[in-house]
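2 protein chains.
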Amino acid sequence: MTTEFIKNKITNSGLKFTHQRWVIYDALYQADSHPTADQVFEIIKLANPSLSLGTVYKTLDSFVQNGLIQKFMDQNGVMRFDAIIDAHSHLYCKETHEIRDFRNEELEKMLQNFISKQRLNDFEIEDVSIVFKGRKKQ
Amino acid sequence: MTTEFIKNKITNSGLKFTHQRWVIYDALYQADSHPTADQVFEIIKLANPSLSLGTVYKTLDSFVQNGLIQKFMDQNGVMRFDAIIDAHSHLYCKETHEIRDFRNEELEKMLQNFISKQRLNDFEIEDVSIVFKGRKKQ
DNA sequence: TTTTAAATAAGAATGATTCTTATTTGATAA
DNA sequence: TTATCAAATAAGAATCATTCTTATTTAAAA
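So the protein lines, in turn, are chains C and S.
Take the first sequence: its position 41, counting from 1, is numbered 41 in the working numbering, and each next residue is one higher.
Here the working numbering = 1-based position in the second sequence + 1000.
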């Protein structure tokens, strides 16, 4: 994960390359959780004291608009961000509110197949979001 | 949908029967959309001017706690309520934020079957939420 | 190097939801 | 039927994630 790599990611998507964007993308890419904007801010603010939370929100949103990252709403009404943009499902822990990726090729295929078969006359399905809700064991 | 029916629903779940609870349950039961607390409030406030929004929130939440209704978070971070509590999926319109039920026995079976096969060593799946995102055709 | 549109910092504003507190009410027991 | 009291409600303040506003700064083009 070189600076050059991130810089290319950002500029190739049509965005100006700035220090803030580099730091924010890098923090999100490192994170294996699905951090909130505030969590991203907490990670980077020590090393970047003048960076503001509003910038984190705005930047993450422009990344989403430009297809660099994904976002989704968690069960608590807080936006979560994800640098990994291939199709995958999520495990949501009702106790800790942690969200983990869940990858299962069989499931993804099954769902893609299901969607392609659906022909609703007044709704065009574009994508599907699957959340398995439950509890982390101990 | 008689008053008696609703009263039984409420008292059987262990809650006191009050005018507010009757009105709120009735409004939600009538709604085929998945209204927000505020939308429920808008529906009933004309006929019940002294009823407060806080009571709507508190009442809907106690209905959820007692298994009378379901709630879920929409993609906009707003809580939606649903008097229908059997397993079903949702269609979410990215433009209007409308949410409609989507029932498909084949899909439900497939997912139940999938869940029962899953044995994750550190996560206990309890239920699954499926949202098909897309757009309403005109 | 100059120019300029875009990005940022700082903090105010917003909107959904929760909390606080005083008042009211439903259900139980006398 | 009435008194009692825990639970429910009304009203509005408080909270928290997010968006908006505006002045300032900056990346990249000329």
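By construction, the Cβ of each residue, glycine as well, lies at the ideal position given by its N, Cα and C atoms.
Since the structure is predicted, the reported quantities are computational estimates derived from the model, not experimental observations.
| message | Alpha carbons only, please: which of C:Tyr-25, C:Leu-111, C:Ser-13 is nearest the one belonging to Thr-2 (chain C)? | response | C:Tyr-25
Notebook entry, point to check: Tell me, which residues are paired with Tyr-1092 (chain S) by DSSP?
Noted result: S:Ile-1099, S:Lys-1133
Check: What is the DSSP secondary structure of Lys-1071 (chain S), counted as helix, strand or coil?
Finding: strand
Here's the rule I'm using: 16 or more other beta-carbon atoms within 10 Å means buried, otherwise exposed. How should Thr-59 (chain C) be labelled?
By the 10 Å Cβ count, Thr-59 (chain C) comes out buried.
Counting only beta-carbon atoms, is Phe-1005 (chain S) nearer than 7 Å to chain C? no
Use the C-beta contact count for Ser-1033 (chain S): other C-beta atoms within 10 angstroms, 16 or more gives buried, fewer gives exposed. exposed
| Would Arg-1100 (chain S) pass as a contact of Leu-1107 (chain S) if the rule is Cβ separation under 7 Å? | no
> Hey, how far is the Cα of Ile-115 (chain C) from the Cα of Leu-53 (chain C)?
Replying inline: Between Ile-115 (chain C) and Leu-53 (chain C), the C-alpha separation is close to 38 Å.
**Asked** In chain S, what lies closer than 9 Å to Gln-75 (chain C) by C-beta?
**Response** Phe-1072, Met-1073, Ser-1129
**Item:** Nearest to Ile-1010 (chain S) (by Cα), restricted to the options S:Ala-1083, S:Leu-1120, S:Phe-1102, S:Glu-1126
**Value:** S:Ala-1083
Apply the 10 Å Cβ neighbour rule to Asp-123 (chain C) and answer buried if 16 or more other Cβ atoms are within range, or exposed otherwise.
The question names Asp, yet the displayed sequence has Phe at residue 123 (chain C). Burial call: buried.
| said: To the nearest angstrom, how far is the alpha carbon of Ala-47 (chain C) from that of Val-78 (chain C)? | reply: 25 Å
*So, is the C-beta of Gly-134 (chain C) closer than 7 Å to a C-beta in chain S?*
yes
With a 10 Å radius around its C-beta and 16 neighbouring C-beta atoms as the bar for buried, classify Arg-1080 (chain S) as buried or exposed.
-> The residue in question, Arg-1080 (chain S), is buried, as its Cβ has 16 or more Cβ neighbours within 10 Å.
Who are the near neighbours of Phe-1072 (chain S) in its chain, counting only those whose CB is closer than 7 Å to its CB and skipping five residues on each side? Arg-1080, Ser-1129
Item to check | Selection of the region 1036–1056 of chain S by Cβ proximity to chain C, strictly under 8 Å | outcome: Cβ contacts with chain C come from no residue of the region 1036–1056 of chain S.
Open item on the list: Only counting the same chain, and skipping five residues up and downstream in sequence, which positions put a Cβ closer than 8 Å to that of Ile-1125 (chain S)?
Closed with: Ile-1115, Gln-1118
Quiz item: Are the beta-carbon atoms belonging to Ile-6 (chain C) and Val-23 (chain C) less than 7 Å from one another?
Solution: Here Ile-6 (chain C) is not near Val-23 (chain C), since their CB atoms are 7 Å or more apart.
Note to self: Please state the DSSP three-state secondary structure of Ile-85 (chain C).
What the structure shows: coil
Whose Cβ in chain C lies nearer than 8 Å to the Cβ of Ile-1069 (chain S)?
The contacting residues do not exist; Ile-1069 (chain S) stays about 16 Å from chain C at best.
| field | 6 Å Cβ shell around Gln-1070 (chain S) - same chain, five flanking residues per side excluded | value | Excluding residues up to 5 positions away in sequence, Asp-1082, Ile-1085 lie with their Cβ nearer than 6 Å to the Cβ of Gln-1070 (chain S) in the same chain.
Between the Cα of Glu-98 (chain C) and the Cα atoms of C:Val-64, C:Thr-55, C:Arg-135, C:Val-56, which residue gives the shortest distance? C:Arg-135
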